[in-house]
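Student: Have a look at the structure that comes next, please.
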Amino acid sequence: MTEGRISFELKNSLSELKKVSKNLELFGRSLDLPQRTIFKINLALEELVSNIIYYGYVDDDDHWIKIAISLEGGVLVISLEDDGIPFNPVEAREPDCGCPIEDREIGNLGIHLCKQFMDDLIYERRGNKNIVVLRKDVEEI
Amino acid sequence: MEVIEKRQDDISIMRLLGRLDSNTSPEFEQKLFAVIEDGERSIVVDFEELDYISSAGLRVLLKAAKELKRSQGKIVLCSMKEYIKEVFEIAGFVSLFPIVPSVGDAMKKF
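Residue numbers (the working numbering), protein chains in the order written: chain A, 1263 to 1403; chain G, 960 to 1069.
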């Protein structure tokens, strides 16, 4: 079974998301992961990271978001750590996806997509850090 | 990302290339709304060469579809990769947008 691990840090700026896709491409290529798998991880990470950048900080300072991705025993484990204000994505409000277009709210979809694409989402507040761990069984993607 | 625009039979066709994410969606939003503000009511968005979409891209499409709905216009999406279509399904967008296999099919929707 192929195994691997990658970790990197992002500054709290949207342009840093390019690092996510670049790193995922390298990681995916080295482990021979299919494009749709890379896509799902990239989407899940973009949604969580952009959420942290938009809403996580109350000052104008630079902050770092730590990301680690590993594949072990056929399971992808993705962890994010940030020092923003407490935010638990597990409890984020679900959008109403069944209503007509006039009533559909614009936004609020990101965390929903992330949850749907991953098998498991765990949140923990540790000190002044938000820790989010995502799991995805690669056999089924 | 790149947006290639063309007009054919009174329909605007916008071809997306690359990635529609938090960084590139503002550019697409600006181009799409410029077309709508010009009075265009029939718009096709061609996803054939789009490799990535996130909620930032969905947001732009929903905003445009709401705007067009108010003015009796329509937006049709076509040529999506299977994994991109899955995003539309999970978001519940397949009931909000006609999604068809090709540009030719999309043109017939008007």
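Backbone N, C-alpha and C fix where the C-beta goes; we use that ideal spot for every residue, glycine too.
Only a predicted model underlies this, so the values are computations on that prediction, with no experimental measurement involved.
May I ask you to report which of helix, strand or coil DSSP gives V1337(A)?
Tutor: In this structure, V1337(A) counts as strand in the three-state DSSP scheme.
Student: Note down the Cα distance separating D968(G) from K1067(G), rounded to an integer number of angstroms.
Tutor: Their Cα atoms are separated by approximately 11 Å.
Student: Quick test of your reading: N1392(A) and F1349(A), contact by CB under 8 Å. State the CB separation rounded to the nearest angstrom.
Tutor: Their Cβ separation, rounded to whole angstroms, is 6 Å, which keeps N1392(A) and F1349(A) in contact under 8 Å.
Student: Select from the segment 1282-1298 of chain A all residues with a C-beta closer than 7 Å to any C-beta belonging to chain G, and list them in chain order.
Tutor: Within the segment 1282-1298 of chain A, the qualifying residues are R1298.
Student: Around the Cβ of E1265(A), are there at least 16 other Cβ atoms within 10 angstroms (buried) or fewer (exposed)?
Tutor: Label assigned to E1265(A): exposed.
Student: When DSSP builds the beta bridges, which residues end up paired with L1272(A)?
Tutor: Paired residues: I1327(A).
Student: Which chain G residues sit within Cβ distance under 8 Å of I1368(A)?
Tutor: Per Cβ cutoff of 8 Å: R1018, L1021, K1022 and K1025.
Student: Over what stretch of residues does the alpha helix (DSSP H) that includes D902(G) continue unbroken?
Tutor: Residue numbering for chain G in the displayed model covers 960 to 1069; residue 902(G) lies beyond these limits and cannot be assessed.
Student: Mind pulling the chain A residues with CB within less than 7 Å of G1051(G)?
Tutor: Neighbours of G1051(G) on chain A, chain order: C1359 and G1360.
Student: Starting from G998(G) and walking both ways along the beta strand (DSSP E), at which residues does that stretch end?
Tutor: No beta strand (DSSP E) holds G998(G); DSSP gives it neither H nor E.
Student: Would you call the segment 1302-1313 of chain A in contact with the segment 1266-1283 of chain A, where contact means no fewer than 3 C-beta pairs closer than 8 Å?
Tutor: Touching, yes.
Student: Would you mind working out which of I1327(A), R1397(A), I1347(A) and D1321(A) sits nearest K1281(A), comparing C-alpha positions?
Tutor: Nearest option by C-alpha distance: I1327(A).
Student: Determine, for G1372(A), whether the minimum Cβ-Cβ distance to residues of chain G falls below 7 Å.
Tutor: It does: the Cβ of G1372(A) has a partner Cβ on chain G nearer than 7 Å.
Student: Would you mind working out which of V1337(A), N1390(A) and P1362(A) sits nearest E1343(A), comparing C-alpha positions?
Tutor: Per the Cα distances, N1390(A).
Student: Tell me, please, whether the segment 1042-1055 of chain G touches the segment 1355-1370 of chain A by the rule of three or more beta-carbon pairs shorter than 8 Å.
Tutor: Enough Cβ pairs lie closer than 8 Å, so yes.
Student: Nearest CA to the CA of T1299(A): which residue from D1322(A), I1347(A), C1376(A) and R1387(A)?
Tutor: Closest by alpha carbon: C1376(A).
Student: Could you name the residues that DSSP lists as bridge partners for E1353(A)?
Tutor: E1353(A) is not bridged to any residue.
Student: Please report the distance separating the alpha-carbon of R1388(A) from that of A993(G).
Tutor: Roughly 46 Å between the two C-alpha positions.
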